[in-house]
Structure formats: structure tokens, C-alpha cells
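Here is the structure we will look at.
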């Protein structure tokens, strides 16, 4: 799924595999293998796509998770990452608490 | 950053490192090393956290990316993953186009 998504990221940016490989600092054959699903995508590779295409790693994964459902009626415009938000609220709470302690 | 975030995910779920390790199918020492930042987090490990804590991999990364900013005034309730959404719209467009061709 992530492999297919990274192919779409490249095509969306109107790049050939050769051009994308150059931008990513990877070999053309590596990009080809990623897109075919012959190579697993590592965190380091995901980071390279993130840097090269100026898109957060979380958004790349979100795109990969959602891309199969695209074209259906679901609202893709706003994502509420529910548990992530709850945890961020929690971190904010404990941060306030720690600040108050000082 | 991701390492620290995974520690917070565990604490948020009120688990000791031992309990978390068991739930994750990892050794306690591995969890400890991850949390200290001594081990890089692989895709496979991120997948384990995703499964064990029932949270998409993209949300775990989003949490990691945003957690440093938590406690600030920014609105963390709704994330618009801008480029991901544009790409999903695009995928939806080409999917429609391909359907129409048939």
C-alpha cells in the first residue's frame, strides 16, 4: 500500500523514476523496486520522500492509508486523528502541570 | 522525537515497560532502548505499536511530529493534511476517469 502510494506521489509531481531518484538521492532501480513493492519502505526512505516532496511523514502514511478509499464518498478534506488528538491534549495537560510546579 | 512519542503512548495507556513489551511482542530491554532513543524505530516496530494500541501508523507519526508543540495555543483538534488531501482528490479524479473509460 505504501509502495503504491509512493508511486502516486511521484506521478502527482510529474516526475519520471529517473528524476525522482535523483531528487530522492536513491538509485533509479531502487525507486523502481519500491514502486513495484519488491522493497519494503524503511523509515529512512520515507524521510527522503518527506524531504524531497515537502510533505510530513505522517501525511505520506495518511495518504497511503486513505488512498484505497479515495473516490468514495467519504470526506477526505478534514482528518481528525482521534487518539493522536486525545494524547496531545493529555501531553498539554501534563505540561501545564509541570509548569505550575516550578 | 518518535522515540519520545512512543514512551508517551505507553504512559498514556498506563502501562509499565514490561506490560507494554508483552503487548507489543517485544523484549522489555528493546522497549527501554526505543524510549531512550538508543534504537531507531523501524516500520515494523511502528506497525506493532499501531496494532497494540489501535492507532493508525500515520496518527502515531502525527503525534510524534506535533507533540513538541503541544501546550501551545495552536489548534490540535483538526489537522488538515494539506498535500495528502490534494493528492487524494487527484487519485479520486484519475479513478473516475478510468471508470469512465470502461
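Protein chains in written order, with the numbering used here: chain U, 5 to 106; chain C, 5 to 106.
All residues carry an ideal CB built from backbone N, CA and C; glycine is no exception.
Supposed contact pair residue j and residue i - C-beta distance, whole angstroms, cut 8 Å
i: residue 69 of chain U; j: residue 62 of chain C; result: 6 Å
i: residue 12 of chain C; j: residue 89 of chain U; result: Their Cβ separation, rounded to whole angstroms, is 13 Å, which puts residue 12 of chain C and residue 89 of chain U out of contact at 8 Å.
i: residue 50 of chain U; j: residue 71 of chain C; result: With a Cβ gap of about 18 Å, residue 50 of chain U and residue 71 of chain C do not count as contacting.
i: residue 46 of chain C; j: residue 5 of chain U; result: Not a contact, Cβ separation roughly 17 Å.
i: residue 66 of chain U; j: residue 54 of chain U; result: The Cβ separation is near 12 Å, so there is no contact.
Close Cβ partners of residue i (< 6 Å) along its chain, the five nearest in sequence each way excluded
i: residue 52 of chain C; result: 28
Give the residues from the segment 13-30 of chain U that approach chain C closer than 8 Å (Cβ to any Cβ), ordered along the chain. 13, 16
Please go through the segment 6-75 of chain U and give each complete alpha helix (DSSP H) segment of 4 or more residues, from N-terminal end onward. 6-16, 21-28, 32-40, 47-57, 61-70
Note down, in chain order, all residues in the segment 28-47 of chain C with a beta-carbon under 8 Å from any beta-carbon belonging to chain U. 44, 45, 46, 47
When Cβ atoms are compared, which residues of the segment 55-67 of chain C fall closer than 8 Å to chain U? 57, 58, 59, 60, 61, 62, 63, 64, 65, 66, 67
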